[in-house]
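A.B. asks:
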Amino acid sequence: GKSRSEKLHLKQRQIFISEFPDARAAEILARDGPNALTPPKATPEIVKFLKQMIGGFSILLWIGAAFSWISFGIQLAQGVDSAFDNLYLGVVLALVVILTGIFAYYQEAKSTNIMASFSKMIPQQALVLRDAEKKELPADQLVVGDIVEIKGGDRIPADIRLIFTQGCKVDNSSLTGESEPQSRSCDFTHENPLETRNIAFYSTTCVEGTATGIVINTGDRTIIGRIASLASGVGNEKTPIAIEIEHFVYLVAGVAISIGVLFFIISVSMRYKILDSIIFLIGIIVANVPEGLLATVTVSLSLTAKRMAKKNCLVKNLEAVETLGSTSIICSDKTGTLTQNRMTVAHLWFDNQIYSADTSEDQTTQSFDQSSPSWAALSKIVTLCNRAEFRPGQENLPIMKRVVVGDASETALLKFSEVILGDVMNIRAQNKKVAEIPFNSTNKFQLSIHETDDPHDKRFLLVMKGAPERILERCSTIMINGKEEPLDSEKAEAFQTAYMELGGMGERVLGFCHLYLPENEFPETFQFDTDSMNFPTSNLCFVGLLSMIDPPRSTVPDAVSKCRSAGIKVIMVTGDHPITAKAIAKSVGIISATSETVEDIAKRLNIPVEQVNRREATAAVVNGMELKEMSAEQLDEILREHAEIVFARTSPQQKLIIVEGCQRQGAVVAVTGDGVNDSPALKKADIGIAMGIAGSDAAKNAADMVLLDDNFASIVTGVEEGRLIFDNLKKTIAYTLTKNIAELCPFLIYIIASIPMPIGTITILFIDLGTDIIPSVALAYEKAESDIMNRRPRNKRRDRLVNEQLAVYSYLQIGIMQSVGAFVTYFTVYAEQGFLPSTLLGVRVDWESNAINDFEDSYGQQWTKYQRTYLQWTGYTAFFVSITIQQVADLIIRKTRRNSIFRQGLFRNKVIWVGIFSQIGIALILTYVLVPPSFPCPPRGFQYWFVAVPFAILIWVYDEIRKLLIRRYPGSWWDKNMYY
Amino acid sequence: MARGKAKDGDGNWKKFIWNSEKKELLGRTGGSWFKILLFYVIFYGCLAGIFIGTIQVMLLTVSEFEPKYQDRVAPPGLTQVPQVQKTEIAFTASDPKSYEPYVKNLEKFLRDYSAEQQTENIVFQDCGDTPSEYKERGPYNDIQGQKKVCKFKREWLENCSGLNDPYFGYKDGKPCILVKLNRIIGFKPQAPVNESLPPEVMAKYNPNLIPVHCFAKREEDADKIGTVEYYGMGGYPGFGLQYYPYYGKLLQPRYLQPLVAVQFTNLTYDMEVRVECKAYGQNIVYSDKDRFQGRFDIKFDIKSS
């Protein structure tokens, strides 16, 4: 076969050499486009920007601005002096929307950029034959008909039909999920392009050998391209936090609009002019909308995202930060995520005894009993019968981190012996190799013959390793405590038991044997011939077994148990063999020590699987083949009935089915994935997590998050952060909503009681966008009140970000208390200037009249209009200052929702203090420094800063009492109504 | 699936308003509503108590006789009677309807200045017919009872007193306005220093007088304003110092602030004439922002028919 294909290859090459010049390639390139996957259609930047401009509260503020301009127009036409105030107000409102929009857009762009850097990896090169020359071309220049050469380690640059191969194997795992490399040849073996052997696919890798092929598909027309476009067809679900924020925006907008409309009607029926009523409406909208809040939420999320990035969770989509926190099911890959992704020796069997080896990531010694002479013999075989070598120049690296040339098992054995014996290469040098038969699939063993390092022993040592049963066949004796003993049936039985036990743990077992060749038959000068095998390969001495596994990462069991206490179900989805999968699942705790699968129960009770009560089994290992035949209902049942589930031998396509099944249970599902065809599942999942090291670009593109260290434990840290930010956002929102009432009440009372306006619209913006911003971000730094990993994931439908209790407590209790405090300050300012509270009621019309310049106060003094306005502005300042002071108390009480502040610690979160000082600092600057002539915040005696202090203390005390009662009487009426 | 959810949502919404199964209105049963309302009644009751309490405590710190601060009200404003919208007096001399509001306003204002209102000697004190020194009346409290008040004779306003001419000159196209300085407790206006005064004011200088002067606001109106007559105490165009300081509503409930009547006897008809009136004194200041501080301006628009 080889020679024929070689001929064909030459023939084709000649054709292409003569017929495929660069010019033709350029034509085809122009027709088909570059050989690259079209990136998922990005929303145009301008659309993204405009979305920010109309999203959230922006619409309300635009309405406010529009009303301001309308009333400006009308007033201007009527020749009212103060008309321009409304113009400015409209401009300010528009500016607020535009600035917050720009901010949000910038934040989003920044997080998208982090991801963009991923896709800009070094451009792939391909070796192409064109114009009778071999050329290195960027892979995206390839066209259909190009002939490319590939070798081991290359990524396949396009879908190619192979015309020449030499020991070529490809890793199709990113396409099919099959982790075993598959051999490729020129033979057409199957109708299905995915099955036939003579096609290699774009983005898969050539593991070994070389091949030459003709490009048959490029870019989006490749198999991968079609899957990728399938992935973009899976709709992006709204993230939980986006839903929560939408809910919150609706709630606040609903309150704003209903109060606005209600008071519009009230003011119209109180015979206010329509224009005045519209101006009130603007005030009510501005007071009700927490202008700075959405920006604050964005900042809090991106702070958390930054924190998570430090812990190796790179969040692509800011909202995913919280989604991770509400995750209730994690579907995790096994290899590399739960495991270390490297074979490691886990167990040894010699002297009829099983020994466990250390499998942790940073092992430096092995502690099992190494005194037996059998071990000395075994270690020699392990060291010598091994072709793997360390790459030179890594002497300073820890052994486990060194790069090895060789396959996975040999690497494991090399590192194992290096750890125990030290300098393996030196040992090998002292035991010079004289002959060798490498492993092949017919022999299933590997053999080598060495001189010994004992200068007095002139015998050769034959060492052999391979499939245990094959090795045992070739042995007649077995070494027990260093002595060769005949291999009787009892000993063979012991071997079988050990072999089954190790195999049952999902480990790859190798048998080791040796033979000292007799000196008389094999003198020093003996020429070994591996083809004719002029040396014995039977009647050897069996020494021991070694078993290897890709061991779990040491942090994983802990992380899994954390998930368990956090009410998160961890489901393992792997392409691996069920036994291996189950063994790993057991060792990391995905299947707990006490739980059994249906098969386990059947085995224990010795009854057929069908007779087992399925409900008794808490764990389940589902094979991909079974899954294929299952209906959606059956899958649902499995997901519902079993707490601990492992899916083995699954294809990445089945991952999507599993994810959908979990979502049908109402779960928030996190899915890990690395392959290209994991992308549909990653997209479908509530949060797709791509592997940073092993992950393909497509997976990273489809994912919401990238796990930089591929470690499952990092997901759990992410969950913790996500839950914390949810709690903290609650606090932020509660903090922000509170003062809205203190801003709203003045308007309502102004309308109803006709008192001079207590606070101006611009002053409200000073609070919302000035003093309150840093404190509300500071709450994002608050530590968790209790172990947040000890409670169940939040229920999407019931545990809202802004629930009734939060809104009611903030609006109707703390908010009202703040308003009272601010009004006391307001009345104090007016009283001390000559207007006692009783004289203020009902004065609005005269107070605001430009014609009255001898307005009488409580003492008989007379005020001009300007003097009154100036006093009114002083009132604004006092009101503003009072709200600020009380917001300090509000900030402190919001640190906790249940615990006493004193338990949480007043000083643990330093950022809160930054917030408090900034709040007061900004207020001081606004009132005492920035006092240009028309600034509506004239300073007034410092004493007004303290009028509201008793109310601030009252708020604190009241909230402490609330928390105390909640802690004392859990489940009581108080708890139900007051805990938010 | 999305549609199914929406339907579900609709049902929930109706159910939320009135759930007949659980007898819940807006998510709460009657008992639950009662409890929560009771809580809020108590809560707001307490808050109202605290509010009223603190306001009362605050009021205790405020004297009933004089305000704690006067930095926002002083220096005083200068205003005119009749009070007009958009600072404009516009009328037709031949149409009584057109000036009726002004006349009524003036008449109403001057009622307190009538002689029959100033007969009680316990309240009123004759402070002479010419400007004289401030009348200090002791501390600002009621230990000595109410304070006396200087009489202000309405006759001093002559043509503008309404005694001879009930139409205050409006009928003849010679409108009167009354000028007064805003009341401020304890404020003692100081007579101006000579040099700063316009020559017309200098002519009638008196060391105990706060003179008032009206003139064309714009240069080009100077010849349209015609003759301006001033009527004040003892013929002086200003406020005598014996009316100051003011002791406040509680101690001088019937205080009469001194007036100056200004009559424009020869205003040009059928055009807007802008007039500015100013009071002069060392502690009477003017401000660009407050156009009624120590001065005011007013437009006259008298139509001939």
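Chains Y and G, in that order, are what the protein sequence lines are. Just so you know, we're using the UniProt record's numbering here: the first sequence kicks off at 1 and counts up by one. Just so you know, we're using the UniProt record's numbering here: the second sequence kicks off at 1 and counts up by one. For each residue, glycine too, the CB sits at the ideal point set by N, CA and C. None of these values were measured; they are calculated from a predicted model.
#1: Would you decide whether residue 29(G) is buried or exposed? Buried here means 16 or more other CB atoms lie within 10 Å of its CB.
#2: Whose C-beta lies closer than 7 Å to the C-beta of residue 570(Y) among residues of the same chain, with five residues either side of it excluded?
#3: What are the boundary residues of the alpha helix (DSSP H) that includes residue 288(Y)?
#4: Please state whether the Cβ-Cβ distance between residue 574(Y) and residue 648(Y) is less than 9 Å.
#5: Quick one: does residue 68(G) have its CB under 9 Å from some CB of chain Y?
#6: Listing by chain order, which chain Y residues have their CB less than 7 Å from the CB of residue 84(G)?
#7: Would residue 72(Y) be called buried (16 or more neighbouring beta carbons within 10 Å of its own) or exposed?
#8: For the stretch 106–124 of chain G, list every residue whose C-beta sits within 9 Å of some C-beta in chain Y, in sequence order.
#9: According to DSSP, is residue 289(G) helix, strand or coil?
#10: Under 8 Å by Cβ, that's how I've got residue 248(Y) and residue 893(Y) pegged, so tell me the actual separation to the nearest angstrom.
#11: Measure from the C-beta of residue 276(Y) to each C-beta in chain G and report whether the shortest distance is under 9 Å.
#12: Could you check which residue in 832(Y), 889(Y), 713(Y) has the C-alpha nearest to that of residue 772(Y)?
#13: Please say whether residue 542(Y) and residue 472(Y) have beta carbons closer to each other than 9 Å?
#14: Out of 834(Y), 841(Y), 813(Y), point me to the one whose CA is closest to residue 754(Y)'s CA.
#15: I'd like to know whether the C-beta atoms of residue 434(Y) and residue 528(Y) end up nearer to each other than 9 Å.
#16: Within 10 angstroms of its Cβ, does residue 313(G) collect 16 or more other Cβ (buried), or is it exposed?
#17: Using CA coordinates, which residue listed in 687(Y), 674(Y), 69(Y) is at the minimum distance from residue 693(Y)?
#18: Assuming residue 148(Y) and residue 157(Y) form a contact by the criterion Cβ under 8 Å, report the distance between their Cβ atoms to the nearest whole angstrom.
#19: Cβ closer than 9 Å: which chain Y residues qualify as neighbours of residue 77(G)?
#20: Using DSSP bridges, identify the partner residues of residue 125(Y).
#21: Please classify residue 943(Y): is it buried, with 16 or more other beta-carbons within 10 angstroms of its beta-carbon, or exposed?
#22: Kindly indicate the opening and closing residues of the alpha helix (DSSP H) around residue 247(Y).
#23: According to DSSP, simplified to helix, strand and coil, what is residue 211(G)?
#24: Using a beta-carbon distance below 9 Å, is residue 62(G) in contact with chain Y?
#25: Name the two residues that bound the continuous beta strand (DSSP E) containing residue 303(Y).
#26: Against chain Y, does residue 248(G) count as a neighbour if the rule is that its beta carbon must be under 9 Å from one of theirs?
#27: Just curious, the alpha helix (DSSP H) that residue 673(Y) is in, first and last residue?
#28: Alpha carbons only, please: which of 206(Y), 299(Y), 804(Y), 224(Y) is nearest the one belonging to residue 106(Y)?
#29: In the structure shown, what three-state DSSP assignment does residue 120(Y) receive?
#30: In its own chain, which residues sit with a C-beta less than 6 Å from the C-beta of residue 412(Y), not counting the 5 before and 5 after it?
#31: Going along chain Y, which residues have a C-beta under 8 Å from residue 50(G)?
#32: Given 8 Å as the limit, is there contact between the stretch 522–540 of chain Y and the stretch 285–303 of chain Y, that is, 3 or more CB pairs closer than that?
#33: Mind listing which residues of the stretch 821–848 of chain Y have their C-beta closer than 8 Å to chain G's C-betas, in chain order?
#34: Could you tell me the distance, in whole angstroms, from the CA atom of residue 451(Y) to the CA atom of residue 459(Y)?
#35: Distance check for residue 66(G) and residue 74(G), CA to CA, integer angstroms please.
#36: Check whether the stretch 763–772 of chain Y and the stretch 785–794 of chain Y are in contact - that is, three or more C-beta pairs closer than 8 Å.
C.D. replies: In short:
#1: exposed
#2: 330, 332, 560, 563, 590
#3: 274–288
#4: yes
#5: yes
#6: In chain order, 851 make up the part of chain Y whose C-beta sits under 7 Å from the C-beta of residue 84(G).
#7: The residue in question, residue 72(Y), is buried, as its Cβ has 16 or more Cβ neighbours within 10 Å.
#8: none
#9: coil
#10: 20 Å between Cβ atoms; not a contact.
#11: no
#12: 889(Y)
#13: yes
#14: 841(Y)
#15: yes
#16: In the structure displayed, chain G extends from 1 to 305; residue 313(G) sits before or after that span and is not available.
#17: Ranking the options by Cα distance to residue 693(Y), first place goes to 674(Y).
#18: Confirmed, Cβ separation roughly 6 Å.
#19: 853, 854, 862, 863, 864, 865, 866, 867
#20: Under DSSP, residue 125(Y) takes part in a beta bridge, and its partners are 138(Y).
#21: exposed
#22: 240–269
#23: strand
#24: yes
#25: Careful: residue 303(Y) lies outside any beta strand (DSSP E), inside the alpha helix (DSSP H) at 293–310.
#26: At least one beta carbon of chain Y lies nearer than 9 Å to the beta carbon of residue 248(G).
#27: Membership of residue 673(Y) in any alpha helix (DSSP H) is not indicated; the residue belongs instead to the beta strand (DSSP E) covering 669–673.
#28: 299(Y)
#29: Model confidence at residue 120(Y) stands at a pLDDT of 46, short of 50, so the residue's coordinates are unreliable; what they give is reported in the following sentence. Residue 120(Y): coil per DSSP, three-state reduction.
#30: 343, 344, 345, 548
#31: Ordered by position in chain Y, the residues that pass the 8 Å Cβ test against residue 50(G) are 820, 954.
#32: no
#33: 823, 824, 827, 828, 831, 832, 833, 834, 836, 837
#34: 7 Å
#35: 14 Å
#36: Segments in contact, no.
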